[in-house]
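> I have a structure here, written as structure tokens, and I will follow up with some questions on it.
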Amino acid sequence: MSLKITITSKHTLHLINRYTHIEVYFTGPTQHCPLVCKLLTTAIDNSSDAMHLKHNYVNAFACPSKRSSCYCIVRPREDGNIVNCTVCPVSATISSDHWYWFESGPDEGNNGTQNLLDKRPLKSDLLRLFKDSAVHSKIIGTALDVKVDDLVALPQYTSDNLILVFQRWIDSDKDVTWRKALQVCKDYPDELGRAKSDVEKFLSSSFHPAKSSSLTHLKVAPKSFALIFIASLILLLCAIVISFFIRID
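Numbers 1 to 249, taken from the UniProt record's numbering, label the letters of the sequence shown in order.
Given below as structure tokens:
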């Protein structure tokens, strides 16, 4: 069973019953992902209650390692969600866009921005925000504590240098957060003032501009085939409710 709803001319919600799990694809602003997730899991909970079953579904993503057909299971804890891969001995690093399903968008104040500061940035976002400061790649790399002595000081290598610096930082896995990137900008205001402004604007927006129309993917897997069938019927009503709740400007 597959149900695809077009919310506006460019945003869609796609629900697919894979028999063993339900796949959810959403192309709208990421600030709405928690609402979509909540409504979907509520539908499954209601199905469980109707069938006198436990609420034993799990949320998961396809493992980003791509070494095998495994899944990263998201398990809630009091101090935050944790991820365990079903096959890999060490779970792969989950990019920040996956967590939009489980965290609300920014409140009135800066709570949303504060949460984003501790998330792991995507290299594509870093390159876009720092591209006008690429000439200062050695400063950026030094501040991020990565190797810079092999960077080529020629204009045609400016972009390559920036890519290399951010790739080394991400590979180092040392304090790879938006907070660190923003602190580097603050430490060098003359060289990175423009980047600081762009990063702050990026983080304070209600959702990441780069992700506003990209595909966001979640798997909801109830541990009962019968429950999948009943939940699929309820998802039809759930999807209609979602289309009323979500308003894309």
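Ideal Cβ placement from N, Cα and C applies to all residues, glycine included.
This one's a predicted model, so the numbers in the text were calculated from it and none came from an experiment.
Let me confirm a value: L13 is counted as buried when at least 16 other C-beta atoms fall within 10 Å, else exposed. Which label applies?
As a first step, residue 13 must be located in the sequence shown, where it is residue number 13. Burial call: buried.
> Taking the continuous beta strand (DSSP E) assigned at R18, which residues delimit it?
Translated into the one-based positions of the sequence shown, residue 18 becomes position 18. No beta strand (DSSP E) holds R18; DSSP gives it neither H nor E.
> Roughly how many whole angstroms lie between the Cα atoms of K174 and F166?
Residue 174 sits at position 174 when you count from the first residue of the sequence shown. Residue 166 sits at position 166 when you count from the first residue of the sequence shown. Looking at the two C-alpha atoms, the distance is approximately 12 Å.
> Report the residue ranges of all alpha helix (DSSP H) runs contained in full by the region 115-179; include only those spanning at least 4 residues, in chain order.
DSSP runs (the alpha helix (DSSP H)) wholly in the region 115-179: 123-130, 137-143 and 158-172.
> Opposite R75 in the DSSP bridges: which residues?
What you label residue 75 is simply residue 75 of the sequence shown in a count that begins at 1. Bridge partners of R75: I82.
> In terms of residue numbering, what span does the beta strand (DSSP E) encompassing V58 cover?
In the sequence shown, counting from the first residue as 1, residue 58 sits at position 58. Taken as a continuous stretch (DSSP letters only), the beta strand (DSSP E) holding V58 covers V58 to A62.
> Give the single residue among I73, I140 and M51 whose Cα lies nearest to the Cα of L182.
Working through the sequence shown from its first residue, we reach residue 182 at position 182. Of I73, I140 and M51, the residue nearest in Cα terms is I140.
> So residue 251 and R179 are supposed to be a Cβ contact under 8 Å. How far apart are they, rounded?
The structure shown does not extend to residue 251, since the chain is modelled only from 1 to 249, so the question has no answer here.
> What's the C-alpha gap between S159 and L127?
For the purposes of this step, residue 159 is taken as the residue at position 159 of the sequence shown. For the purposes of this step, residue 127 is taken as the residue at position 127 of the sequence shown. Approximately 9 Å, taken between the alpha carbons.
> Between which two residues does the alpha helix (DSSP H) carrying S204 extend?
Mapped onto the sequence shown, residue 204 falls at position 204. That run of the alpha helix (DSSP H) goes P189 to S204.
> Sort L144, P121, K131 and C72 by Cα distance to T177 and report the nearest one.
Locating residue 177 in the sequence shown gives position 177, where the first residue counts as 1. Selected option, being the one with the closest Cα: P121.
> Out of curiosity, what's the CA-to-CA distance linking C185 and K196?
By 1-based counting over the sequence shown, the position of residue 185 is 185. By 1-based counting over the sequence shown, the position of residue 196 is 196. Going by the C-alpha atoms only, they are around 5 Å apart.
> With DSSP run on the structure shown, which of helix, strand or coil describes T12?
In the sequence shown, the residue the question calls residue 12 occupies position 12. In this structure, T12 counts as strand in the three-state DSSP scheme.
> For the candidate residues L154, D187, E191 and K138, whose alpha-carbon lies nearest to that of R168?
For the purposes of this step, residue 168 is taken as residue 168 along the sequence shown, with counting starting at 1. That would be K138, whose Cα lies nearest to the Cα of R168.
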